[in-house]
Amino acid sequence: MLDIALLPGEYAVCRLAAGTTLPYALSSGLGGADVVTVSWTSDGISVICPVDRAPAHAVVETTWRCLRVTAPVALAGTGSLAALVDPLAEARVSAVTFSTFDTDYLLVPTVRLTEGTAALQRAGHRVTG
Numbered sequence: 001m002l003d004i005a006l007l008p009g010e011y012a013v014c015r016l017a018a019g020t021t022l023p024y025a026l027s028s029g030l031g032g033a034d035v036v037t038v039s040w041t042s043d044g045i046s047v048i049c050p051v052d053r054a055p056a057h058a059v060v061e062t063t064w065r066c067l068r069v070t071a072p073v074a075l076a077g078t079g080s081l082a083a084l085v086d087p088l089a090e091a092r093v094s095a096v097t098f099s100t101f102d103t104d105y106l107l108v109p110t111v112r113l114t115e116g117t118a119a120l121q122r123a124g125h126r127v128t129g
């Protein structure tokens, strides 16, 4: 069982062309529960951020809600993402995941938040927020 916190606000999953300079708004003034993650590949730049920080020239996916595993997740640990994604897949709720050094995050479409959190709770996880 994992303790999961629903972060406030909606999030965007964005794509920028390779070589694009990141807007200053993505790195300035982060506070509270805001989370921003950036991944660079030769194909482009992926950004997950609060909707109000989404780059104006990015391709933006539908709005998402962000859930954070509240306890630190050991880097050598196994199965924590599967324990989150499997119940969502069974409930046919899309998910986008990412990890930091300390913990795991997942996003579910805003329009499927109720179904997603219910699936996680049925799987024995505690969702707060």
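Heads up, the sequence shown is in full-length UniProt numbering, so the first residue is 1 and it goes up one at a time. We treat Cβ as the ideally placed atom computed from N, Cα and C, and that holds for glycine.
Can you find the residues in the same chain that come closer than 7 Å, C-beta to C-beta, to residue i, ignoring five residues on each side of it along the sequence?
i, result
"Gly44", "Arg15, Leu16, Ala17, Ala18"
"Ser27", "none"
"Leu113", "Arg65"
"His125", "Met1, Leu2, Ile4"
"Thr62", "Pro109"
Tell me the DSSP secondary structure of residue i in three-state form.
i, result
"Gly44", "strand"
"Asp52", "helix"
"Arg122", "helix"
"Thr37", "strand"
"Arg112", "helix"
Counting only the same chain and skipping the five closest in sequence on each side, list residues whose C-beta sits under 6 Å from that of residue i.
i, result
"Thr117", "Val127"
"Ser39", "Ser46"
"Val60", "Ala12, Cys14, Ala54"
Can you check DSSP and say which residues form a bridge with residue i?
i, result
"Ser99", "Asp104"
Buried or exposed: which applies to residue i, given that a residue is buried once 16 or more other Cβ atoms fall within 10 Å of its Cβ?
i, result
"Tyr24", "exposed"
"Ala58", "buried"
"Ala89", "exposed"
"Ala119", "buried"
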